[in-house]
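Undergrad: Would you mind keeping the following structure in view while I ask a few things?
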Amino acid sequence: MSDNDKDDIVRLDKKSERRSIEAASKLSSKLIYEVIRRDGEEELERTTRSLIWSGIAAGIMISFSVLGEAIFRTYLPDAPWRYLVENLGYSLGFLLVILGRMQLFTENTISTVLPFMVKPTFSMFGCVARLWAIVLAANVVGAFAIAALYAHTSAIPAELLPAITSLSEHAVGMPAGESFMRAIPAGILVAAIVWMLPQSESSAFMVILTFTWLIAAGDFTHVVAGSVEMAFLLLRGELGIMNAIFGFFLPVLAGNIVGGTAIFALLAWGQVKDEFISDASEREN
Numbered sequence: 467m468s469d470n471d472k473d474d475i476v477r478l479d480k481k482s483e484r485r486s487i488e489a490a491s492k493l494s495s496k497l498i499y500e501v502i503r504r505d506g507e508e509e510l511e512r513t514t515r516s517l518i519w520s521g522i523a524a525g526i527m528i529s530f531s532v533l534g535e536a537i538f539r540t541y542l543p544d545a546p547w548r549y550l551v552e553n554l555g556y557s558l559g560f561l562l563v564i565l566g567r568m569q570l571f572t573e574n575t576i577s578t579v580l581p582f583m584v585k586p587t588f589s590m591f592g593c594v595a596r597l598w599a600i601v602l603a604a605n606v607v608g609a610f611a612i613a614a615l616y617a618h619t620s621a622i623p624a625e626l627l628p629a630i631t632s633l634s635e636h637a638v639g640m641p642a643g644e645s646f647m648r649a650i651p652a653g654i655l656v657a658a659i660v661w662m663l664p665q666s667e668s669s670a671f672m673v674i675l676t677f678t679w680l681i682a683a684g685d686f687t688h689v690v691a692g693s694v695e696m697a698f699l700l701l702r703g704e705l706g707i708m709n710a711i712f713g714f715f716l717p718v719l720a721g722n723i724v725g726g727t728a729i730f731a732l733l734a735w736g737q738v739k740d741e742f743i744s745d746a747s748e749r750e751n
């Protein structure tokens, strides 16, 4: 073997080693931000019809969080450890929605806000507001549709209804101020899931399972999953419309937005702001 051949082999080995290191290295905050920002821009460009159907699907599928909890609560023995196990059921709806790439409002409190932070124009603000309004409304429509199925048909076993009722009463029975405060950690955790997914594709299932379980185990409030419980009680005549809107829905909505946008998204932007400004300056020069 000639010296040139040996040099070529050494260069190939080093190149292969560099690729391995790059593949194994963690994504920087800026790269994670960029991945989520581009995803957010794609979502902002989706048609109204697409957003509506995806949002309705998410509102329906998130109901399996309530159903999963109810199944565990119904069939597990009444023991101190049951609470921690039954809350694993809460993750089922989120796994369906997030891995199924459906439009969930609380995910959009970070993903569609990151493009706005890079380009804070009135036009971009309008795009974000449009998507938020469409997705939230569609999520609620889906929640009411599936709640009607649960409340007024034999689609689910009758023995699950007491557990669903109990879970729903607890979720919407908090004072408005407490519902708001409990919604802030939930907003932060959902935003954190969105932030972690770009570098945890192989473990996405466990990331979603762990942190949505924490939402349930921590007794935090989520506006879309909670809308299923709210709708269930409303349709059964066990909750008044004013209490539903002002005691649960609006406080939890505000808390989720504060947690996902005002706290997590701003913290994420703070990590990368200087780098984006520096890159913009270099391009101008």
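Mapping of the sequence shown onto the numbering used here: position 159 corresponds to residue 625, and the numbering continues sequentially without gaps. Using N, Cα and C, we set each Cβ at its ideal position, and we do this for glycine too. Just so it is clear, the structure is predicted and the values come from calculations on it, not from any experiment.
1. Of the choices Met-568, Leu-510, Trp-519, Tyr-541, whose alpha-carbon is the least far from that of Ile-528?
2. Indicate the three-state DSSP secondary structure (helix, strand or coil) for His-618 in the structure shown.
3. In whole angstroms, what separates the C-alpha of Leu-570 from that of Val-607?
4. Provide the residue span of the alpha helix (DSSP H) that contains Leu-705, from first to last.
5. Helix, strand or coil, according to DSSP, for Gln-737 in the structure here?
6. Please confirm whether Asn-553 and Ile-650 have their CB atoms less than 9 Å apart.
7. How about Ser-520: is its Cβ closer than 8 Å to a heavy atom in the ligand NAP?
8. Looking at the secondary structure, which residues open and close the alpha helix (DSSP H) in which Glu-573 lies?
9. Mind checking whether Gly-559 and Gly-653 have CB atoms under 9 Å apart?
10. So, under 8 Å CB-CB, Glu-535 and Tyr-556 are touching, yes? Tell me the CB distance rounded to an integer number of Å.
11. Under the three-state reduction of DSSP, which class applies to Leu-732: helix, strand or coil?
12. Beta carbon of Ile-522, beta carbon of Asn-574: below 9 Å?
13. Which one of Ser-632, Ala-599, Glu-500, Met-640 has the shortest CA to CA distance from Leu-533?
14. Report all residues from its chain with a CB closer than 7 Å to the CB of Leu-680; omit the five preceding and five following residues, and keep chain order.
15. Leaving out five residues before and five after Arg-702 in sequence, what residues of the same chain have Cβ atoms less than 6 Å from its Cβ?
16. Is it buried or exposed, Thr-514, if we count other Cβ atoms within 10 angstroms and call 16 or more buried?
17. Apart from the five residues just before and just after Val-673, which ones in its own chain have a Cβ nearer than 8 Å to its Cβ?
18. In whole angstroms, what is the alpha-carbon distance linking Pro-546 and Phe-538?
19. Let me make sure I understand the geometry here. Which of Thr-578, Glu-704, Ser-634, Leu-719 has the alpha-carbon closest to that of Glu-511?
20. State the DSSP-derived secondary structure class of His-688, mapped to helix, strand or coil.
21. CB-CB under 6 Å to Leu-602, same chain, minus the five flanking residues each way: which ones, in chain order?
TA: Quick answer:
1. Met-568
2. helix
3. Cα to Cα, the separation comes out at about 12 Å.
4. Here Leu-705 belongs to no alpha helix (DSSP H), and DSSP marks it neither H nor E.
5. helix
6. No; because the gap between Cβ atoms is not below 9 Å, this pair is not in contact.
7. This structure does not include the ligand NAP; it has no bound ligands of any sort.
8. 571-577
9. no
10. About 5 Å separates the two Cβ atoms, so the contact holds.
11. Leu-732: helix per DSSP, three-state reduction.
12. No, the Cβ-Cβ distance between Ile-522 and Asn-574 is not below 9 Å.
13. Ser-632
14. Leu-655
15. Around Arg-702: Ala-617.
16. exposed
17. Ile-659, Met-662, Leu-663, Ser-666
18. 13 Å
19. Thr-578
20. It is coil, neither helix nor strand.
21. Phe-571
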